[in-house]
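Just so we're aligned, residue 1 is where the sequence shown starts under UniProt numbering, counting upward by one. All C-beta atoms, glycine included, are put in the ideal place defined by N, C-alpha and C. Structure first, then comments.
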Amino acid sequence: MSFVPNEESGIKVLYEDNHVLAVEKPVNVPTQEDASGDPDLLTLLKQDLKIRHQKPGNVFLGLVHRLDRPVGGAMIFAKTSKAASRLSEAVRSRSFRKLYAAVVHGSPGAPAGRLEHHLLKDSRTNTVSAVKSGTAGAKQALLDYRVVGEKDGLSLILVELHTGRPHQIRVQLQSIGCPLYGDQKYGAEVNRPGQQLALWSLLAGAPHPVSKESLLFRSVPPHQFPWSAWPEEIYEKALPDELV
1 MSFVPNEESG IKVLYEDNHV LAVEKPVNVP TQEDASGDPD LLTLLKQDLK IRHQKPGNVF
61 LGLVHRLDRP VGGAMIFAKT SKAASRLSEA VRSRSFRKLY AAVVHGSPGA PAGRLEHHLL
121 KDSRTNTVSA VKSGTAGAKQ ALLDYRVVGE KDGLSLILVE LHTGRPHQIR VQLQSIGCPL
181 YGDQKYGAEV NRPGQQLALW SLLAGAPHPV SKESLLFRSV PPHQFPWSAW PEEIYEKALP
241 DELV
């Protein structure tokens with residue numbers, strides 16, 4: 001089932017059944033409640049489910065992965081506690097697939113490759129830094145990337161995450177000299193205030209928590225700069241037909 005729910009929520013639903021809800025997260029909406037007090041995606045979806053399905057009492061919706069506030073695109077939620085447990089296990093076992101598009105300044109040293117860093121989060125400043133292996137509190141971060149376009153000093157990169165660390169893509173790409181377009185936190189020296197962070201969740205996929213069927217949910221970025229610097233077909237071609 002694929003549809004756009006009521007106008008009140010304005011959030012595009014990519015798929016829904018009794019166990020799973022997949023949506024296209026709008027940019028600049030927090031995934032869950034934060035200190036800003038702004039409306040967050042998890043709460044908005046719970047309210048939408050309550051209205052559309054006329055559910056009494058509290059609505060369960062499990063958050064199994066996250067996107068940074070400035071990031072838009074495909075996300076998967078669990079509608080039951082059993083589904084939440086099984087999807088969370090898929091994340092831990094790395095059978096949960098996450099594919100992103102990113103526009104960065106400059107170009108990596110190779111057209112494709114794997115990046116491995118150890119990242120340390122500073123909760124006081126909500127920033128993450130790449131540190132030496134063995135640093136107390138640091139966690140391994142692993143991703144694969146492929147450059148699919150270059151134009152006017154910018155590169156369009158496809159990123160497949162193998163771990164899910166906070167700000168992982170932003171910090172790892174900045175660490176190799178390729179800060180994301182619009183990233184004020186990790187690229188203020190090359191970005192201007194007001195630019196939208198160019199990171200998009202193209203695909204989220206996992207085995208269905210009950211049927212074990214391969215689920216793939218796709219979303220393409222809006223046709224506006226910097227995404228519009230490349231033809232829309234480039235994003236469509238990046239999306240696989242099935243989970244592998």
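Hey, how far is the Cα of A130 from the Cα of D68?
Sequence index remark: in the sequence shown, residue 130 carries index 130 (1-based). Sequence index remark: in the sequence shown, residue 68 carries index 68 (1-based). So the alpha carbons of these two residues sit roughly 18 Å apart.
CB K238 to CB V171, shorter than 8 Å?
Translated into positions along the sequence shown, residue 238 becomes position 238. Translated into positions along the sequence shown, residue 171 becomes position 171. Looking at the sequence provided, one finds Ala at residue 238 rather than Lys. The criterion of a C-beta distance shorter than 8 Å is not satisfied by A238 and V171.
Continuous beta strand (DSSP E) stretch holding L161: start and end:
In the sequence shown, counting from the first residue as 1, residue 161 sits at position 161. Counting along the chain, the beta strand (DSSP E) containing L161 begins and ends at L154 to L161.
Output the boundary residues of the beta strand (DSSP E) element that contains T43.
Taking the sequence shown and counting its residues from 1, one reaches residue 43 at position 43. Looking at the DSSP string, T43 is not in any beta strand (DSSP E); the run it does join, the alpha helix (DSSP H), is L41 to R52.
Which of the three DSSP states, helix, strand or coil, is assigned to R124?
Position 124 of the sequence shown, counting from 1, holds the residue named residue 124. If DSSP states are grouped into helix, strand and coil, R124 belongs with coil.
Excluding five sequence neighbours on each side, which residues of the same chain lie with their C-beta closer than 8 Å to the C-beta of S95?
Taking the sequence shown and counting its residues from 1, one reaches residue 95 at position 95. Close CB contacts of S95 within its chain, under the 8 Å cut and outside five residues either way in sequence, are with A206 and P207 (chain order).
V91: first and last residue of the uninterrupted alpha helix (DSSP H) it sits in
One-based indexing of the sequence shown puts residue 91 at position 91. For V91, the enclosing alpha helix (DSSP H) covers residues S81 to R92.
By DSSP, does A229 sit in helix, in strand, or in coil?
Here residue 229 refers to the residue found at position 229 when the sequence shown is read from its first residue. DSSP places A229 in the helix class (H, G or I) of the three-state scheme.
Terminal residues of the beta strand (DSSP E) in which residue 316 lies
Residue 316 is absent from the structure shown; the chain starts at 1 and stops at 244.
Check E24 in the structure and name its three-state DSSP category.
The count along the sequence shown starts at 1 and reaches residue 24 at position 24. If DSSP states are grouped into helix, strand and coil, E24 belongs with the strands.
On the criterion of 16 or more Cβ atoms from any shown chain inside 10 Å, does D122 qualify as buried, or is it exposed?
By 1-based counting over the sequence shown, the position of residue 122 is 122. Exposed: under 16 other Cβ atoms inside 10 Å.
Suppose you measure from the CA of A101 to the CA of V29; what does that come to, to the nearest Å?
Taking the first residue of the sequence shown as position 1, residue 101 is located at position 101. Taking the first residue of the sequence shown as position 1, residue 29 is located at position 29. Answer to the nearest angstrom: the Cα atoms are 18 Å apart.
Below 6 Å CB to CB, which residues in the same chain sit around P209 once its five sequence neighbours on both sides are set aside?
By 1-based counting over the sequence shown, the position of residue 209 is 209. If you ignore the 5 residues before and after P209, its C-beta comes within less than 6 Å of the C-beta of H19, A83, R86 and L87, all in its own chain and listed in chain order.
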